[in-house]
Amino acid sequence: MKCYLVPCIIGFIAFDKNLDIVDYELFPRKSIISKLLEFERGSLTSEEEKIMKRLLNNYREISIESKHKRKYGKFKNVKLESPNKAGEYLRENLKETLKKIGFIKDGEFYDSIYKIHMGITVKKLEESLKEQDKLIIQAANALDDLDEATGKFVERIREWYSIYFPELDSIKDHEHYIKLIAEHGKKEDIIKVKKLPRESIGAELEEEDIDLLKEFAKAIRSLQILRKSIEKYIELKMGYLAPNLQDVAGTTLGAKLIAHTGSLKKLALLPSSTIQVLGAEKALFRHLRRGSKPPKHGLIYQHPLIKGSAWYLRGKIARTLASKISLAARKDIFTGEHDPSIKKDLYKRIDIIKKETPKRRR
Numbered sequence: 026m027k028c029y030l031v032p033c034i035i036g037f038i039a040f041d042k043n044l045d046i047v048d049y050e051l052f053p054r055k056s057i058i059s060k061l062l063e064f065e066r067g068s069l070t071s072e073e074e075k076i077m078k079r080l081l082n083n084y085r086e087i088s089i090e091s092k093h094k095r096k097y098g099k100f101k102n103v104k105l106e107s108p109n110k111a112g113e114y115l116r117e118n119l120k121e122t123l124k125k126i127g128f129i130k131d132g133e134f135y136d137s138i139y140k141i142h143m144g145i146t147v148k149k150l151e152e153s154l155k156e157q158d159k160l161i162i163q164a165a166n167a168l169d170d171l172d173e174a175t176g177k178f179v180e181r182i183r184e185w186y187s188i189y190f191p192e193l194d195s196i197k198d199h200e201h202y203i204k205l206i207a208e209h210g211k212k213e214d215i216i217k218v219k220k221l222p223r224e225s226i227g228a229e230l231e232e233e234d235i236d237l238l239k240e241f242a243k244a245i246r247s248l249q250i251l252r253k254s255i256e257k258y259i260e261l262k263m264g265y266l267a268p269n270l271q272d273v274a275g276t277t278l279g280a281k282l283i284a285h286t287g288s289l290k291k292l293a294l295l296p297s298s299t300i301q302v303l304g305a306e307k308a309l310f311r312h313l314r315r316g317s318k319p320p321k322h323g324l325i326y327q328h329p330l331i332k333g334s335a336w337y338l339r340g341k342i343a344r345t346l347a348s349k350i351s352l353a354a355r356k357d358i359f360t361g362e363h364d365p366s367i368k369k370d371l372y373k374r375i376d377i378i379k380k381e382t383p384k385r386r387r
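All you need for my numbering is the position in the sequence shown, starting with 1, plus 25.
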């Protein structure tokens with residue numbers, strides 16, 4: 026004798042060959058969303074396992090409407106059919122079936138189905154955002170690691186190459202400096218390109234020494250290029266996940282704030298006073314422990330509005346910026362819509378602060 030097992034939005038319902046309900050196992054109402062997602066991923070839920078064991082005691086074969094063959098490996102006499110005739114029947118008569126098994130009463134069908142579908146959508150969106158968070162966090166941390174490594178390598182090659190050609194150290198731009206060595210190597214070639222003084226007080230090096238320096242410069246150059254690629258990647262991800270935060274804080278700072286807190290949601294739930302000093306925890310701890318001056322800003326000091334302002338304005342600007350970052354993060358989490366007015370209002374407030382705050386000397 027054969028029966029049909031059909032998964033649906035509230036659990037599992039079994040039918041006989043005449044399409045009469047013979048058994049059912051429902052998800053706990055509080056866990057419907059998580060159970061549905063568990064089933065969707067191909068897991069064997071406890072509810073499905075229970076009803077299958079009961080059915081196999083009474084039926085020779087179970088026809089299951091499913092595509093996940095692997096999870097049924099331990100059960101014998103299970104046949105996968107998608108769709109099967111019971112599944113088609115249930116979809117056509119879902120409202121009546123749910124009433125028959127007591128899941129809903131009159132007038133509750135559409136509201137119940139809407140809540141479940143909305144819950145699934147929200148849960149999937151949250152999971153998607155978590156994945157994007159993780160990608161941004163890893164990319165932001167990689168950027169910090171690259172900056173640290175590249176900074177050390179640049180310092181090392183400047184000292185090393187200065188033995189051979191100290192005059193080139195007048196080029197302060199690290200990328201340009203590295204590019205010249207990577208492409209030319211020999212000081213004679215660089216002098217021709219840059220029209221530098223032909224006389225150099227540097228030591229003469231062997232060909233193998235210059236070749237090694239050139240290879241070292243090429244390696245550093247590749248790291249500099251990689252950094253730009255990661256920056257573009259973060260910019261793309263931030264534009265999708267947190268357009269308002271990106272607009273207000275900037276791509277790199279926004280990503281660092283997410284990385285520091287662990288997720289965009291955690292950042293959005295922080296008060297602006299905490300956002301203001303994120304990254305300055307040691308200074309804040311010293312203030313609380315020893316009574317030293319409290320920090321005015323942490324990571325957000327990297328923002329050009331603070332970094333490029335007079336010292337006596339930075340505290341006020343930091344408070345305003347932190348407030349707008351908090352608003353932007355919440356907007357990204359709870360609406361997902363880009364709101365250009367947040368950035369516009371930020372710059373208006375900064376202009377007011379600069380106009381109304383009298384100049385001070387240290």
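We put the CB at the ideal spot given by N, CA and C, even for glycine. Since this is a predicted model, take the numbers as computed values, not measurements.
Status (buried if at least 16 other CB within 10 Å, exposed otherwise) for residue i
i      : result
Ala359 : This sequence places Phe at residue 359; Ala is not what is there. Flag for Phe359 reads exposed.
Ser88  : buried
Val302 : buried
Asp272 : buried
Asn102 : exposed
Asn109 : buried
Thr345 : buried
Phe310 : exposed
Ile35  : buried
Arg85  : exposed
Asp158 : buried
Ala267 : buried
Met263 : buried
Arg315 : exposed
Pro365 : exposed
Arg339 : buried
Leu44  : exposed
Asn83  : exposed
Gly279 : buried
Residue i beta carbon near the ligand ZN (any heavy atom closer than 7 angstroms)
i     : result
Phe64 : Ligands displayed in this structure: none; no statement on the ligand ZN is therefore possible.
Residue i: first and last residue of the uninterrupted beta strand (DSSP E) it sits in
i      : result
Lys104 : 103-105
Pro32  : 27-33
Leu193 : Premise fails: Leu193 is in no beta strand (DSSP E) and is neither H nor E.
Cutoff 6 angstroms; reference residue i; Cβ partners in own chain excluding five residues on either side
i      : result
Val31  : Ile38, Glu90, Ala111, Gly112, Leu115
Ser297 : Ala347, Ser348, Ser351
Lys120 : Phe134
Tyr337 : Arg385
Gly227 : Tyr189, Phe190, Pro191
Glu73  : Phe37
Ala293 : Ala354, Arg355, Ile358
Endpoints, the alpha helix (DSSP H) within which residue i is located
i      : result
Asp214 : 212-219
Asp357 : 339-359
Gly304 : No alpha helix (DSSP H) contains Gly304, which DSSP labels as neither H nor E.
Phe52  : Segment: none, Phe52 is in no alpha helix (DSSP H) and carries neither H nor E.
Pro329 : 329-332
Leu270 : 268-274
Ser366 : 366-381
Asn118 : Premise fails: Asn118 is in no alpha helix (DSSP H) and is neither H nor E.
Arg66  : Counting along the chain, Arg66 falls outside any alpha helix (DSSP H), and DSSP gives it neither H nor E.
Leu414 : Residue 414 falls outside the range modelled here, since the chain spans only 26 to 387, and no answer is possible.
Which residues DSSP lists as bridging residue i, in chain order
i      : result
Ile89  : Leu30, Leu105
Gly132 : Answer is none; Gly132 lacks a bridge partner.
Ile46  : Phe40
Supposed contact pair residue j and residue i - C-beta distance, whole angstroms, cut 8 angstroms
i      : j      : result
Gly275 : His322 : With 8 angstroms as the limit, Gly275 and His322 do not qualify as a contact, their Cβ atoms being about 15 angstroms apart.
Lys353 : Ile342 : It should be noted that the sequence gives Ala, not Lys, for residue 353. Incorrect: roughly 16 angstroms between the Cβ atoms, too far for contact.
Tyr49  : Ala164 : Not confirmed; about 47 angstroms, so no contact.
Ala242 : Ile206 : 4 angstroms
Trp185 : Leu261 : Not quite, the Cβ-Cβ distance comes to about 36 angstroms (not below 8 angstroms), so this is no contact.
Thr277 : Glu256 : 7 angstroms
Cys28  : Leu80  : 6 angstroms
Ser107 : Lys92  : 6 angstroms
Lys148 : Ile58  : 5 angstroms
Ile161 : Ile283 : 6 angstroms
Ala308 : Pro320 : 4 angstroms
Leu154 : Leu289 : 7 angstroms
Leu330 : Ile375 : 6 angstroms
Spatial neighbours of residue i in its chain, beta-carbon cut-off 8 angstroms, leaving aside the 5 residues before and after
i      : result
Ile46  : Ile38, Ala39, Phe40, Thr122, Lys125, Ile126
Leu390 : Absent from the model: residue 390. The displayed extent of the chain is 26 to 387, so no value can be given.
Ile215 : Phe190, Leu193, Leu205, Ile206, His209, Leu221
Thr96  : Per the sequence shown, residue 96 should be read as Lys rather than Thr. Taken in chain order, the residues that qualify are Gly67, Ser68, Leu69.
Cutoff 7 angstroms; reference residue i; Cβ partners in own chain excluding five residues on either side
i      : result
Lys177 : none
Lys94  : Leu105
Lys211 : Ile235
Ile24  : Outside the shown range of the chain, which is 26 to 387, sits residue 24, and nothing can be said about it.
Thr14  : Nothing can be reported for residue 14, as the shown portion of the chain is limited to 26 through 387.
Lys281 : Ala165, Leu324
Asn269 : Ala353, Lys356, Asp357, His363, Asp364, Ile367
Ile129 : Leu123, Ser137
Tyr372 : none
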